[in-house]
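In what follows, a single structure is set out as C-alpha coordinates and then discussed.
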Amino acid sequence: MNIFELERILDAKLNAKAIKDYAPNGLQIEGRHEVKKIITGVTASMRLIEAAIERNADLILVHHGYFWRGEDMRLIHAKYRRIKALMQHDIGLMGYHLPLDMAPEIGNNARLGQLLNIQAVEGLDPHDPNSLILKGHLATPMTGEAFAHVIEKVLNRTPLHIPSERDQLIETVAWCSGGAQDYIDQAALAGVDAYLTGEASERTTHSAREMDIHFYGAGHHATERYGIEALGKWLAQTHQLDVEFIDCDNPV
1 MNIFELERIL DAKLNAKAIK DYAPNGLQIE GRHEVKKIIT GVTASMRLIE
51 AAIERNADLI LVHHGYFWRG EDMRLIHAKY RRIKALMQHD IGLMGYHLPL
101 DMAPEIGNNA RLGQLLNIQA VEGLDPHDPN SLILKGHLAT PMTGEAFAHV
151 IEKVLNRTPL HIPSERDQLI ETVAWCSGGA QDYIDQAALA GVDAYLTGEA
201 SERTTHSARE MDIHFYGAGH HATERYGIEA LGKWLAQTHQ LDVEFIDCDN
251 PV
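Just so it is clear: in the sequence shown, position 162 is 162 by UniProt numbering, and no numbers are missing.
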(Lines of atoms letter the chains of each structure in order from A; the text may use other names.)
(Lines give C-alpha, C1' and ligand atoms only; values in the text may rest on other atoms or scores of the structure.)
Protein backbone atom coordinates (compact mmCIF):
# COMPACT_ATOMS: atom_id res chain seq x y z
CA MET A 1 0.00 0.00 0.00
CA ASN A 2 1.18 3.53 -0.72
CA ILE A 3 2.22 5.34 2.45
CA PHE A 4 0.09 8.40 1.71
CA GLU A 5 -2.99 6.27 1.04
CA LEU A 6 -2.34 4.50 4.36
CA GLU A 7 -2.18 7.87 6.10
CA ARG A 8 -5.56 8.84 4.60
CA ILE A 9 -7.07 5.56 5.80
CA LEU A 10 -5.76 6.04 9.35
CA ASP A 11 -6.74 9.71 9.46
CA ALA A 12 -10.29 8.74 8.57
CA LYS A 13 -10.43 5.80 10.99
CA LEU A 14 -9.23 7.96 13.89
CA ASN A 15 -10.97 11.20 12.87
CA ALA A 16 -7.54 12.78 13.22
CA LYS A 17 -8.19 16.01 11.34
CA ALA A 18 -11.02 16.99 13.68
CA ILE A 19 -9.01 16.68 16.92
CA LYS A 20 -6.72 19.43 18.18
CA ASP A 21 -3.44 18.10 19.52
CA TYR A 22 0.03 19.22 20.60
CA ALA A 23 1.89 16.91 18.24
CA PRO A 24 1.44 16.28 14.51
CA ASN A 25 -0.80 13.30 13.83
CA GLY A 26 -0.19 11.13 10.80
CA LEU A 27 2.98 10.85 8.76
CA GLN A 28 5.97 12.37 10.55
CA ILE A 29 8.90 10.87 8.61
CA GLU A 30 8.27 9.78 5.03
CA GLY A 31 10.29 6.60 4.42
CA ARG A 32 9.72 4.28 1.49
CA HIS A 33 6.42 4.72 -0.31
CA GLU A 34 5.38 1.08 -0.67
CA VAL A 35 4.34 -0.24 2.76
CA LYS A 36 4.02 -3.97 3.39
CA LYS A 37 5.56 -4.57 6.82
CA ILE A 38 4.51 -2.37 9.76
CA ILE A 39 5.84 -2.38 13.31
CA THR A 40 3.55 -0.90 15.96
CA GLY A 41 4.45 0.19 19.48
CA VAL A 42 3.61 2.74 22.14
CA THR A 43 6.62 5.04 21.64
CA ALA A 44 9.08 5.56 18.79
CA SER A 45 12.07 4.81 20.99
CA MET A 46 15.45 3.59 19.74
CA ARG A 47 14.57 0.08 20.92
CA LEU A 48 11.48 0.05 18.73
CA ILE A 49 13.43 1.46 15.77
CA GLU A 50 16.09 -1.22 16.15
CA ALA A 51 13.38 -3.89 16.22
CA ALA A 52 11.88 -2.45 13.02
CA ILE A 53 15.30 -2.46 11.33
CA GLU A 54 15.86 -6.11 12.33
CA ARG A 55 12.50 -7.05 10.81
CA ASN A 56 13.05 -5.02 7.63
CA ALA A 57 9.90 -2.99 8.30
CA ASP A 58 8.69 -0.29 5.96
CA LEU A 59 6.88 1.76 8.58
CA ILE A 60 6.65 2.29 12.34
CA LEU A 61 3.20 3.23 13.67
CA VAL A 62 3.08 4.56 17.24
CA HIS A 63 1.06 6.49 19.81
CA HIS A 64 4.01 8.67 20.88
CA GLY A 65 5.87 10.03 17.88
CA TYR A 66 8.03 13.12 17.50
CA PHE A 67 7.90 16.92 17.12
CA TRP A 68 5.93 17.80 20.24
CA ARG A 69 4.89 21.41 20.75
CA GLY A 70 7.52 23.25 22.77
CA GLU A 71 10.30 20.67 22.33
CA ASP A 72 13.81 21.60 21.20
CA MET A 73 13.71 21.79 17.39
CA ARG A 74 17.39 20.85 16.97
CA LEU A 75 18.30 17.38 15.74
CA ILE A 76 20.80 16.49 18.44
CA HIS A 77 21.49 13.69 20.93
CA ALA A 78 18.82 10.93 21.08
CA LYS A 79 16.51 12.72 18.65
CA TYR A 80 19.28 12.89 16.03
CA ARG A 81 20.19 9.22 16.47
CA ARG A 82 16.59 8.08 16.15
CA ILE A 83 15.82 10.10 13.03
CA LYS A 84 19.18 9.23 11.46
CA ALA A 85 18.46 5.50 11.91
CA LEU A 86 15.00 5.84 10.36
CA MET A 87 16.29 7.78 7.36
CA GLN A 88 19.32 5.54 6.81
CA HIS A 89 17.00 2.52 6.58
CA ASP A 90 14.25 4.37 4.71
CA ILE A 91 11.66 3.53 7.39
CA GLY A 92 8.65 5.81 7.73
CA LEU A 93 7.11 6.96 10.99
CA MET A 94 3.46 7.66 11.72
CA GLY A 95 2.12 8.76 15.08
CA TYR A 96 -1.40 9.27 16.42
CA HIS A 97 -1.70 10.80 19.87
CA LEU A 98 -5.06 12.14 21.11
CA PRO A 99 -6.96 10.62 18.16
CA LEU A 100 -5.80 7.18 19.33
CA ASP A 101 -6.71 7.93 22.94
CA MET A 102 -10.23 8.94 21.92
CA ALA A 103 -11.09 6.48 19.14
CA PRO A 104 -14.18 4.34 19.79
CA GLU A 105 -13.70 0.57 20.04
CA ILE A 106 -9.95 0.53 19.28
CA GLY A 107 -8.69 3.61 21.18
CA ASN A 108 -6.64 3.51 24.36
CA ASN A 109 -9.55 4.54 26.56
CA ALA A 110 -12.07 2.31 24.83
CA ARG A 111 -9.77 -0.70 25.12
CA LEU A 112 -9.11 -0.03 28.82
CA GLY A 113 -12.83 -0.02 29.48
CA GLN A 114 -13.26 -3.29 27.59
CA LEU A 115 -10.39 -4.99 29.38
CA LEU A 116 -11.65 -3.92 32.80
CA ASN A 117 -15.21 -5.00 31.94
CA ILE A 118 -16.65 -1.53 32.51
CA GLN A 119 -20.20 -1.19 31.20
CA ALA A 120 -22.60 1.58 30.12
CA VAL A 121 -19.61 3.59 28.92
CA GLU A 122 -20.04 7.25 27.97
CA GLY A 123 -18.02 10.45 28.04
CA LEU A 124 -17.52 12.10 31.40
CA ASP A 125 -19.42 14.95 29.77
CA PRO A 126 -22.17 13.03 27.95
CA HIS A 127 -22.90 16.13 25.83
CA ASP A 128 -19.35 16.18 24.41
CA PRO A 129 -18.96 13.64 21.58
CA ASN A 130 -15.16 14.04 21.76
CA SER A 131 -14.82 13.64 25.52
CA LEU A 132 -11.29 12.48 26.36
CA ILE A 133 -12.37 11.06 29.72
CA LEU A 134 -14.78 8.12 29.86
CA LYS A 135 -16.96 6.85 32.68
CA GLY A 136 -18.99 3.75 33.29
CA HIS A 137 -20.14 1.10 35.76
CA LEU A 138 -18.23 -1.93 36.97
CA ALA A 139 -19.95 -5.15 35.97
CA THR A 140 -19.66 -6.19 39.62
CA PRO A 141 -19.26 -3.54 42.36
CA MET A 142 -16.19 -4.20 44.48
CA THR A 143 -13.94 -2.77 47.16
CA GLY A 144 -11.12 -0.42 46.27
CA GLU A 145 -8.58 -3.11 47.09
CA ALA A 146 -10.35 -5.66 44.91
CA PHE A 147 -10.41 -3.25 41.95
CA ALA A 148 -6.67 -2.67 42.42
CA HIS A 149 -6.17 -6.44 42.08
CA VAL A 150 -8.26 -6.48 38.90
CA ILE A 151 -6.14 -3.69 37.40
CA GLU A 152 -2.95 -5.53 38.36
CA LYS A 153 -4.16 -8.75 36.76
CA VAL A 154 -5.33 -7.07 33.54
CA LEU A 155 -2.40 -4.70 33.01
CA ASN A 156 0.31 -6.84 34.62
CA ARG A 157 1.24 -3.82 36.73
CA THR A 158 0.62 -3.12 40.41
CA PRO A 159 -1.17 0.24 40.44
CA LEU A 160 -0.64 3.08 42.85
CA HIS A 161 -3.88 3.16 44.84
CA ILE A 162 -4.92 6.14 46.94
CA PRO A 163 -8.09 4.92 48.66
CA SER A 164 -11.23 6.84 49.42
CA GLU A 165 -12.29 7.02 53.05
CA ARG A 166 -15.89 6.23 52.14
CA ASP A 167 -16.89 2.78 53.34
CA GLN A 168 -18.70 1.67 50.19
CA LEU A 169 -18.11 -0.44 47.13
CA ILE A 170 -16.86 1.06 43.87
CA GLU A 171 -19.68 1.11 41.35
CA THR A 172 -18.72 3.91 38.96
CA VAL A 173 -15.31 4.63 37.43
CA ALA A 174 -13.88 7.39 35.22
CA TRP A 175 -10.64 6.87 33.35
CA CYS A 176 -8.20 8.33 30.86
CA SER A 177 -5.00 6.62 29.77
CA GLY A 178 -1.51 8.11 30.04
CA GLY A 179 -0.62 11.30 31.87
CA ALA A 180 -4.13 12.47 32.75
CA GLN A 181 -3.82 12.74 36.51
CA ASP A 182 -5.01 16.36 36.56
CA TYR A 183 -8.49 15.34 35.45
CA ILE A 184 -9.09 13.79 38.88
CA ASP A 185 -11.04 16.80 40.15
CA GLN A 186 -13.39 16.67 37.14
CA ALA A 187 -13.97 12.98 37.79
CA ALA A 188 -14.72 13.60 41.47
CA LEU A 189 -17.10 16.45 40.66
CA ALA A 190 -18.92 14.14 38.23
CA GLY A 191 -19.72 11.91 41.21
CA VAL A 192 -17.86 8.73 40.27
CA ASP A 193 -16.36 6.50 42.94
CA ALA A 194 -12.92 6.01 41.36
CA TYR A 195 -10.58 7.57 38.79
CA LEU A 196 -7.98 5.61 36.83
CA THR A 197 -5.12 6.96 34.73
CA GLY A 198 -1.49 6.20 33.97
CA GLU A 199 0.54 8.67 36.02
CA ALA A 200 0.38 10.50 39.33
CA SER A 201 1.85 13.78 40.56
CA GLU A 202 2.54 14.89 44.12
CA ARG A 203 -0.63 16.99 44.02
CA THR A 204 -2.73 13.99 42.95
CA THR A 205 -2.60 12.47 46.43
CA HIS A 206 -4.06 15.59 48.00
CA SER A 207 -6.81 15.85 45.38
CA ALA A 208 -7.79 12.22 45.90
CA ARG A 209 -7.93 12.56 49.67
CA GLU A 210 -9.68 15.91 49.76
CA MET A 211 -12.18 15.04 47.01
CA ASP A 212 -12.70 11.60 48.65
CA ILE A 213 -12.30 9.50 45.52
CA HIS A 214 -10.32 6.33 44.84
CA PHE A 215 -7.34 7.06 42.59
CA TYR A 216 -5.40 4.50 40.57
CA GLY A 217 -2.17 5.26 38.75
CA ALA A 218 -1.54 2.18 36.63
CA GLY A 219 1.38 3.32 34.46
CA HIS A 220 1.48 5.56 31.39
CA HIS A 221 2.86 2.81 29.17
CA ALA A 222 0.72 0.06 30.69
CA THR A 223 -2.52 1.97 30.07
CA GLU A 224 -1.57 2.80 26.47
CA ARG A 225 -0.42 -0.56 25.09
CA TYR A 226 -3.78 -1.63 23.85
CA GLY A 227 -4.94 1.08 21.45
CA ILE A 228 -1.95 0.89 19.12
CA GLU A 229 -2.08 -2.90 19.23
CA ALA A 230 -5.78 -2.86 18.32
CA LEU A 231 -5.17 -0.35 15.51
CA GLY A 232 -2.51 -2.63 14.05
CA LYS A 233 -4.82 -5.64 14.20
CA TRP A 234 -7.53 -3.65 12.45
CA LEU A 235 -5.09 -2.70 9.66
CA ALA A 236 -4.00 -6.30 9.23
CA GLN A 237 -7.58 -7.59 9.10
CA THR A 238 -9.05 -4.93 6.83
CA HIS A 239 -6.12 -4.15 4.53
CA GLN A 240 -4.09 -7.39 4.53
CA LEU A 241 -0.91 -5.74 5.78
CA ASP A 242 1.81 -7.52 7.77
CA VAL A 243 1.59 -5.81 11.16
CA GLU A 244 3.54 -6.76 14.28
CA PHE A 245 3.12 -5.18 17.72
CA ILE A 246 6.28 -4.91 19.84
CA ASP A 247 5.95 -4.06 23.53
CA CYS A 248 9.13 -2.33 24.72
CA ASP A 249 8.89 -2.62 28.49
CA ASN A 250 8.56 0.66 30.36
CA PRO A 251 8.02 0.85 34.14
CA VAL A 252 6.51 4.36 34.00
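We put the CB at the ideal spot given by N, CA and C, even for glycine.
Computed from a prediction, not measured in an experiment: that's the story for all the values here.
From residue 2 to residue 22, what does the alpha carbon distance come to, in whole angstroms? Here residue 2 is taken as the residue at index 2 of the sequence shown, counted from 1. Here residue 22 is taken as the residue at index 22 of the sequence shown, counted from 1. So the two alpha carbons sit approximately 26 Å from each other.
Which parts of the region 96–162 are runs of the beta strand (DSSP E), unbroken and 3 residues or longer, counting only runs that do not cross its ends? Within the region 96–162, the complete beta strand (DSSP E) runs of at least 3 residues are 118–123, 134–142, 160–162.
Can you list, in chain order, the stretches of the beta strand (DSSP E) that have 3 or more residues and sit fully within the region 50–99? Every beta strand (DSSP E) stretch that sits fully inside the region 50–99 and reaches 3 residues is listed by chain position as 59–64, 92–95.
May I ask you to report which of helix, strand or coil DSSP gives residue 22? On the sequence shown, position 22 is the one that residue 22 refers to. If DSSP states are grouped into helix, strand and coil, residue 22 belongs with coil.
With H, G and I counted as helix, E and B as strand and the rest as coil, what does DSSP make of residue 28? Within the sequence shown, residue 28 is the residue found at index 28, counting from 1. Under the three-state reduction of DSSP output, residue 28 falls in the strand class.
Backbone CA spacing between residue 53 and residue 86 [nearest angstrom]: What you label residue 53 is simply residue 53 of the sequence shown in a count that begins at 1. What you label residue 86 is simply residue 86 of the sequence shown in a count that begins at 1. Between residue 53 and residue 86, the C-alpha separation is close to 8 Å.
Could you give the residue range of the beta strand (DSSP E) that holds residue 213? In the sequence shown, the residue the question calls residue 213 occupies position 213. Run containing residue 213: none; DSSP gives neither H nor E here.
Residues sharing a beta bridge with residue 234, DSSP: By 1-based counting over the sequence shown, the position of residue 234 is 234. Paired residue(s): none; residue 234 is not in a bridge.
From residue 24 to residue 245, what does the alpha carbon distance come to, in whole angstroms? Residue 24 sits at position 24 when you count from the first residue of the sequence shown. Residue 245 sits at position 245 when you count from the first residue of the sequence shown. Looking at the two C-alpha atoms, the distance is approximately 22 Å.
If we call anything under 8 Å between Cβ atoms a contact, is residue 49 one with residue 82? Counted from its first residue, the sequence shown places residue 49 at position 49. Counted from its first residue, the sequence shown places residue 82 at position 82. Contact: yes.
Helix, strand or coil for residue 244? Go by DSSP, reduced to three states. Counted from its first residue, the sequence shown places residue 244 at position 244. Reduced to three states, the DSSP call for residue 244 is strand.
Identify which residue in 223, 251, 76, 229 has its Cα closest to the Cα of residue 113. Working through the sequence shown from its first residue, we reach residue 113 at position 113. With distances taken between Cα atoms, residue 113 lies closest to 223.
Residue closest to residue 90, alpha-carbon to alpha-carbon, out of 213, 157, 35, 166: If you number the sequence shown from 1, residue 90 lands on position 90. Taking only the C-alpha atoms, the option nearest residue 90 is 35.
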